[in-house]
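Under mature numbering (1 follows the signal peptide of the UniProt record, and there is no 0), read the sequence shown as residues -25 to -1, 1 to 611, first letter to last. One structure below.
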Amino acid sequence: MARSRVPILIMGVVLWCCLTTPAKAEYMKYKDPKQPIPVRIQDLLDRMTLEEKIGQMVQIEREVASAEVMKEYFIGSVLSGGGSVPAPQASAETWINMVNDFQRGSLSTRLGIPMIYGIDSVHGNNNVYKATIFPHNIGLVKKIGAATALETRATGIPYAFAPCIAVCRDPRWGRCYESYSEDPQIVQDMTDIIPGLQGDIPTDSPKGVPFVAGKNNVVACSKHYVGDGGTTKGIDENNTVIDWQGLLSIHMPAYYTSIMKGVSTVMISYSSWNEIKMHTNRELITGFLKNTLGFKGFVISDWEGLDRITYPPHANYSYSIQAGIHAGIDMVMVPYNYKEFIDGLTFHVKNNVIPMSRIDDAVRRILRVKFVVGLFENPLADNSLVDQLGSQEHRELAREAVRKSLVLLKNGQSLNQPLLPLPKKTSKILVAGSHADDLGYQCGGWTMEWQGFNGNNRTIGTTILAAIKNTVDPSTNVVYKENPNAEFVNSNNFSYAIVVVGEHPYAETDGDSMNLTIADPGPTTIRNVCGAMKCVVIIISGRPVVIEPYLASIDALVAAWLPGTEGQGVADVVFGDYGFTGKLPRTWFKTVDQLPMNVGDPHYDPLYPFGFGITTEPTTRQSDDNPFLSISSYFN
């Protein structure tokens, strides 16, 4: 009996060792960066439950996000809507901490799938205090895209909802300033912002596959697919009436070019094509974008895009979920009622209304982008790029972009008596107009707030008034009066006047305008000032506006568009340090009754035609070889 106890004792020791020795961790291919991305995607997809898959298809607003929500619902993405910030004047570090907090919630899930944070970096990282605000879609191409990527990454964000590649065919549309031109070729050229944002795609990269070069780049998003710039009377979210060939030749070319350049995501338009809501258009989303053009990234809805499938919005959300997902939308910008969306989509899948193959296709695309951008290897942001936010290098870049985008429409009452460039040294000059000393006005919509702001206390920059004072000779007396009356103008013996007027900031829908007038009291300011002395009128606007009634009294007229934070670029050209080189990327009409009117139309009779722009030579020669700017040749 005693001998039999030894084997039993040995067996017990062996069993104890087996129980206490840590099991070798399971090898998971999706976590191995050495594995090809398709292998990693499939391995992860095979491990996911329906709940985890649907969670990946959800994008929620930061206001309803938390680490707990990310973990419980397996949320795939978070965004900041216009003006949605972690704190007023939040620093880059504050943004990073917020994003990382949400990310830690995602990483704590069973499979540890990282979320992707998105933001509307449409002319710089424009939600963020102290960011460089570039001109709105004017001469904004590859190098400025790269600067925007750096400033977006500086806040810990790897996804920018840009560029807008709409072809605006009617300036009454409130998003026309988000469009590069009425001409599809120029819009195609401007897709060079995509390799700026994402990095240069390798020459051997498969067509349609997303590409992001590294941690200094962001995921880009071509929007809004398709035809958003062609709606009837320019009414936002309205119907684009055009045949198939017209859609292909005007509104589609920039999407083809975007895909060739490796764009990672495409956002769907609120608008309709021939009465079919784009958010339900399976023929164009799945049939053409994915299958014909070979797009392999993910398709995202616009803000509450599914809700707006019906009228009134959200009237039949169950139907909207079914229609939108069936059409081919992969990620849904919910952004608030995520539980309702998750429950609704789960119901449709479990009841075979939406096949699992459609869910797998959506999740496969989302995971592909997350692997491509490197989120599985580097899910948490660090502070290494915080100094890029609003850097002097980027501000100089924006200033140069302003200079090259200004369009001189009139220069003197006769060809042999030009008014511009203005002399820096004179006794006294008048600066007038509501837009001369207002940083918010010169930045326009999608700046700090969805609809923009007014005043000078929301971010950092140089107003046009400050730029003028910086530029003129110290002996020149600069007098600013926002809306001077005729008596003030006539009694002060000014050498000349600079009047800066235009539109107030706006964004989609609120910006739709049937009259396209200069905001009051701008017309009065023009009449009071330009009727009494030599004057330059600088128009701050997102589109052509009614100017013909005042033109006779204006000596020089400059279209400055929405120049952003670097108003010094305006003074650089007006005072002759640099010459005017810009050309109109869209037709300047005489009256709104002519609209829509685009170059090539039979009734084409503009005030200033597409491509027009008077050029001048600088009076002071300066080097213009900033290595951080690459403007399309159209704007040179």
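A virtual CB, placed ideally from N, CA and C, is assigned to each residue, including glycine. The structure displayed is predicted, hence computed values, not measured ones.
(request) Could you pull out every unbroken alpha helix (DSSP H) segment of at least 4 residues lying fully inside the stretch 202 to 251, listed in chain order? (result) Counting only runs of 4 or more residues that sit fully inside the stretch 202 to 251, the alpha helix (DSSP H) segments are 228 to 235, in chain order.
(message) So, with DSSP's three-state summary, where would you put residue 198?
(response) Residue 198: strand per DSSP, three-state reduction.
(request) State the CB to CB distance for the pair residue 544 and residue 378, rounded to an integer number of angstroms; the pair is presumed to be in contact (CB under 8 Å). (result) So it is a contact: roughly 5 Å between Cβ atoms.
(request) Helix, strand or coil for residue 90, going by three-state DSSP, please let me know. (result) Three-state DSSP puts residue 90 in coil, outside helix and strand.
(request) Flag this pair as yes or no: are the beta carbons of residue 625 and residue 241 separated by less than 8 Å? (result) Because the chain in this structure spans residues -25 to 611, residue 625 falls outside the shown range and cannot be described.
(message) Would the stretch 186 to 199 count as touching the stretch 342 to 353 if we require 3 or more Cβ pairs under 8 Å?
(response) Yes, the stretch 186 to 199 is in contact with the stretch 342 to 353.
(request) Could you check the C-alpha separation between residue 328 and residue 161 for me, to the nearest Å? (result) Going by the C-alpha atoms only, they are around 42 Å apart.
(message) Quick check: the Cα distance between residue 139 and residue 153, rounded to an integer number of angstroms?
(response) Our two residues, residue 139 and residue 153, have alpha carbons roughly 6 Å apart in a direct line.
(message) Quick check on residue -5: buried or exposed, where buried means 16 or more other Cβ atoms within 10 Å of its Cβ?
(response) Summary for residue -5: the model assigns pLDDT 49, below 50, so the residue's position carries little reliability, and this model does not support an answer.
(message) Looking at the secondary structure, which residues open and close the alpha helix (DSSP H) in which residue 417 lies?
(response) Run containing residue 417: 414 to 418, per the alpha helix (DSSP H) assignment.
(message) Measuring straight from C-alpha to C-alpha, what distance separates residue 592 and residue 510?
(response) Spanning the two alpha carbons is a distance of roughly 20 Å.
(request) Going by CA-CA distance only, name the one from 87, 323, 559 and 314 that's closest to residue 613. (result) Nothing about residue 613 can be reported from this structure: the residues present for the chain run from -25 to 611 only.
(message) If you reduce the DSSP assignment to three classes, tell me which class residue 380 lands in.
(response) In the three-state reduction of the DSSP assignment, residue 380 falls in the helix class.
(request) Can you give me the Cβ contacts of residue 435 inside the same chain, cut-off strictly under 6 Å, excluding the 5 residues immediately before and after it? (result) Closer than 6 Å at Cβ, skipping near neighbours: 105.
(message) Please state whether the Cβ-Cβ distance between residue 320 and residue 300 is less than 8 Å.
(response) When the beta-carbon positions are compared, residue 320 and residue 300 come within less than 8 Å of each other.
(message) Three or more C-beta pairs under 8 Å: does that hold for the stretch 180 to 192 against the stretch 118 to 130?
(response) Taking a cut-off of 8 Å on C-beta distances, the stretch 180 to 192 touches the stretch 118 to 130, as three or more cross pairs fall below it.
(request) Mind checking who residue 437 pairs with in its DSSP beta bridge? (result) 541, per the DSSP bridge assignment.
(request) Determine, using beta carbons only, whether residue 478 and residue 520 come nearer to each other than 8 Å. (result) Inclusion of residue 478 and residue 520 in the CB contact set at 8 Å is warranted, their separation being smaller than that value.
(message) Rounded to the nearest angstrom, what separates residue 412 and residue 366 at their Cα positions?
(response) Cα atoms of residue 412 and residue 366: separation of roughly 23 Å, rounded to the nearest angstrom.
(message) Considering just the uninterrupted stretch of the beta strand (DSSP E) at residue 452, what are its terminal residues?
(response) Per DSSP, residue 452 belongs to the beta strand (DSSP E) from 452 to 456.
(request) Name the two residues that bound the continuous alpha helix (DSSP H) containing residue 505. (result) From DSSP, the alpha helix (DSSP H) with residue 505 extends over 497 to 505.
(request) Return helix, strand or coil for residue 637, following the three-state DSSP convention. (result) There is no way to answer for residue 637, as the model of the chain reaches only from -25 to 611.
(request) Could you tell me how far apart the beta carbons of residue 80 and residue 23 are, in whole angstroms, since I believe they sit closer than 8 Å? (result) Residue 80 to residue 23, Cβ: 17 Å. No contact.
(request) Give the DSSP-derived three-state secondary structure of residue 176 in the structure shown. (result) Shown here, residue 176 sits in coil according to DSSP, grouped into three states, outside any helix or strand.
(request) Would you kindly report the start and end of the unbroken alpha helix (DSSP H) that includes residue 25? (result) That run of the alpha helix (DSSP H) goes 25 to 31.
(request) Kindly identify the DSSP beta-bridge partner or partners of residue 471. (result) Beta-bridge pairing by DSSP links residue 471 to 404.
(request) Measure the CB-CB distance between residue 172 and residue 237 and report whether it falls below 8 Å. (result) No, Cβ-Cβ distance for residue 172 and residue 237 is not below 8 Å.
(request) Given a cut-off of 8 Å, decide if residue 589 and residue 564 are closer than it, judged by their beta-carbon atoms. (result) Taking 8 Å as the cut-off, the Cβ atoms of residue 564 and residue 589 do not count as close.
(request) Within the same chain, show all residues whose beta-carbon is closer than 6 Å to that of residue 85, passing over the 5 residues directly before and after it, in chain order. (result) If we look at residue 85 and ignore the five residues flanking it on each side, it has no Cβ neighbours.
(request) For the alpha helix (DSSP H) holding residue 555, just list the boundary residues, first then last. (result) No alpha helix (DSSP H) contains residue 555, which DSSP labels as neither H nor E.
(message) Between which residues of its own chain and residue 273 is the CB-CB distance below 6 Å, once the five residues before and five after are set aside?
(response) Cβ neighbours of residue 273 beyond the five flanking positions: 240, 305, 306, 340, 341 and 344.
(message) DSSP has residue 84 in a bridge; who is on the other side?
(response) DSSP output for residue 84 lists no bridge partner at all.
(request) Specify the secondary structure class of residue 151 as computed by DSSP and reduced to three states. (result) Helix.
(message) Rounding to the nearest angstrom, what Cα-Cα distance links residue 559 and residue 316 in this structure?
(response) Cα to Cα, residue 559 sits roughly 44 Å from residue 316.
(message) For residue 567, which residues in the same chain have their Cβ closer than 8 Å to its Cβ, ignoring the five residues on either side in sequence?
(response) So the list reads 147, 489, 490, 491 and 521, once near-sequence residues are dropped.
(request) Look up residue 590 in the DSSP assignment and say whether it is helix, strand or coil. (result) Coil.
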